[in-house]
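Residue numbers (our numbering): 1375 to 1560.
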């Protein structure tokens, strides 16, 4: 399946952001879905702050949403309120603790570092800009590049044959287009 370089870079940037988010939530015994519920509730109005709306918006089962809401309520991150006109309707809202948690869990700190690192550069293509953002994000999060072999500083061509300079092993062209854990950017 063909994916453009820009698409691959956006996928990797998204993955890095989600990884940072998962790390932060895991430290509190939460899953990313819990953060997504909190984020949704922070943006919805009084017509959309019900468990049914959360279920529909997120495309999840009632059971998954119900368990998530119960956990978030037990931890003091959300509150339930019965609708004043229809007692069958339950409204959900973030507590001040939930708002603080949501703000603290957003991986914007890593993204802000990356944004600062690339702000002054002028890019001729979207791919160049995304590559710079990805490299800044990886640096801020102390992550590995996992780039394609042929873009690694260790990739060499000897007598029309491809070689990994780290392992000294031959590579096929197909292998050189694959992602490598030991990738090093020039």
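A virtual CB, placed ideally from N, CA and C, is assigned to each residue, including glycine.
Rounded separation between residue 1475 and residue 1435 - CA only: The residue you call residue 1475 lines up with position 101 of the chain shown. The residue you call residue 1435 lines up with position 61 of the chain shown. Distance between the alpha carbons of residue 1475 and residue 1435 is about 24 Å.
Length of the line joining the Cα atoms of residue 1464 and residue 1516: Position 90 of the chain shown, counted from the first residue, corresponds to residue 1464. Position 142 of the chain shown, counted from the first residue, corresponds to residue 1516. Approximately 43 Å between the Cα atoms of the pair.
Beta bridge counterpart(s) of residue 1452 as assigned by DSSP: On the chain shown, position 78 is the one that residue 1452 refers to. Its beta-bridge partners are 1468.
Contact belief for residue 1466 with residue 1423 at Cβ below 8 Å, rounded distance in angstroms: Within the chain shown, the letter at position 92 stands for residue 1466. Within the chain shown, the letter at position 49 stands for residue 1423. Between residue 1423 and residue 1466 the Cβ distance is about 5 Å, and since that is below 8 Å, they are a contact.
Buried versus exposed call for residue 1386 [16 or more other C-beta atoms within 10 Å across all chains shown]: Indexing the chain shown from 1 puts residue 1386 at position 12. Residue 1386 comes out buried.
Residues sharing a beta bridge with residue 1535, DSSP: As a working mapping, residue 1535 is identified with position 161 in the chain shown. BP columns for residue 1535 point to 1532.
Residue 1528 vs residue 1511 beta-carbon contact at 7 Å: Reading the chain shown from its first residue, position 154 is the one you call residue 1528. Reading the chain shown from its first residue, position 137 is the one you call residue 1511. No, these two residues do not count as a Cβ contact at 7 Å.
Cβ neighbour criterion (16 or more within 10 Å) applied to residue 1394: Here the question's residue 1394 lines up with position 20 in the chain shown. Buried.
Residue 1390 in three-state terms, based on DSSP: Counted from its first residue, the chain shown places residue 1390 at position 16. In the three-state reduction of the DSSP assignment, residue 1390 falls in the helix class, which pools H, G and I.
DSSP-derived helix/strand/coil call for residue 1434: Looking up residue 1434 in the chain shown gives position 60. If DSSP states are grouped into helix, strand and coil, residue 1434 belongs with coil.
Residues of its chain near residue 1471, where Cβ-Cβ distance is below 7 Å and the 5 sequence neighbours each way are ignored: Reading the chain shown from its first residue, position 97 is the one you call residue 1471. Listed in chain order, the non-local C-beta contacts of residue 1471 below 7 Å within the same chain comprise 1450 and 1451, local neighbours out to five positions each way being set aside.
Bounding residues of the alpha helix (DSSP H) (the contiguous stretch that carries residue 1412): The residue labelled residue 1412 in the question sits at position 38 within the chain shown. Here the alpha helix (DSSP H) through residue 1412 covers 1406 to 1417.
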